[in-house]
Structure formats: C-alpha cells, structure tokens
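This report concerns only the one structure given below.
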Amino acid sequence: MIKYKLECNDCKFTFDSWFSSSKEFDKLKKINLLNCSQCNSIKIEKSLMSPQVISKIKDSSYLTKDEKKIKLFKNKMREYQKFIKNNFDYVGNNFAYEARSIHYNKKKSKGIYGKASNEDINNLKDEGIEIQNIPWIEDKEN
Ligand SMILES: [Zn+2]
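Just so we're aligned: the sequence shown equals residues 2 to 143 in this note's numbering.
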C-alpha cells in the first residue's frame, strides 16, 4: 500500500489517499476516477511529498507473483526446517567438530545440524563425511 498526498489543481485542496500501487493511481487518474472531494475537479495531481510505503504487508493479495512464489518457498523451507529441528540435534558452530566425532568415534547419534564455514564443509567432504548443505532462513521475517 502506498499513501500519496494529492492536490487539486483547481482549488488547491490537498488530501491523502491510499493506493495498492503507483500503477493504480495512474489507472484511476486515466479513467477520471480521482476527483477532488471539495470541488469535484478531476485535475488531481500527486503532490511532491514522497510516497509512504507500508513495509509489513499482511494481506497477501497485495503481493506480486514473484513475491507469492518467494512466500510459498519460505513456507516450504519453514516446514523443512521444522522437520530438521524436530529430528536433529542443533550443535551451532560446533558442527565440524560434532560431525567428525560422529564419523570417527562411530558415536550413535541422531543427525545433527549447525553452522559450518565453506572451508569446514570442504574438509569434511574430503574426509568422506556425509553432509548436506541446505539454505536456511531466519524465522523472524515474514
Ligand atoms: Zn478541488
């Protein structure tokens, strides 16, 4: 949603109005659906004030096709992450150490997940340790 400050060219009345996008403003103006609430003039212009955009859009109907795809993907990732969290032990930055101890000590353990540098990952793979690199998204963003 974008809020524009609009100004009537005839009576100089200014008012705020919400649009789903800047395109919507152009469309409404083109078909003369924007009019001044004071004098009914259709000579409405955006005033110079910069538009305000709401960053946290809850209503998904305002999302573009690509944004919807990303949202869908993120939901899938969250399900995947939930599965991993429920079935694997989180070892944080100790991933490389823990992976080695499982591999070399044949320690019975359920799977682990955690953070590792690219160098760690390459070393672990060189040592024949089976690991999977998965993209991870933080939970805090929507
Ligand atoms: Zn007016």
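Note that the Cβ used here is the ideal one computed from N, Cα and C, for glycine as well.
Bear in mind that the values here come from a model prediction, so they are computed numbers and not experimental data.
- In the structure shown, Asp-17 falls within a strand segment according to DSSP collapsed to helix, strand and coil.
- Each of Ser-21, Thr-15, Glu-139, Gln-133 was checked against the Cα of Leu-64, and the nearest Cα belongs to Ser-21.
- In this structure, Asn-94 sits near Lys-116, with a CB-CB distance shorter than 7 Å.
- DSSP places Lys-4 within a strand segment (E or B) once states are collapsed to three.
- Annotation: Asn-134 to Lys-66 spans about 28 Å, alpha carbon to alpha carbon.
- About 6 Å separates the beta carbon of Ser-48 from that of Leu-7, a gap short enough to meet the 8 Å contact definition.
- Residue range 66-88 is occupied by the alpha helix (DSSP H) that includes Asp-67.
- Exclusion of Gln-82 from the 6 Å shell around ligand 1 follows from its C-beta lying no nearer than that to any non-hydrogen atom of the ligand.
- Pairing Leu-34 with Lys-70, the inter-Cα distance amounts to about 32 Å.
- Counting along the chain, Ile-45 sits inside the beta strand (DSSP E) bounded by residues 45-47.
- In this model, Ser-118 and Phe-96 are separated by some 9 Å (Cα to Cα).
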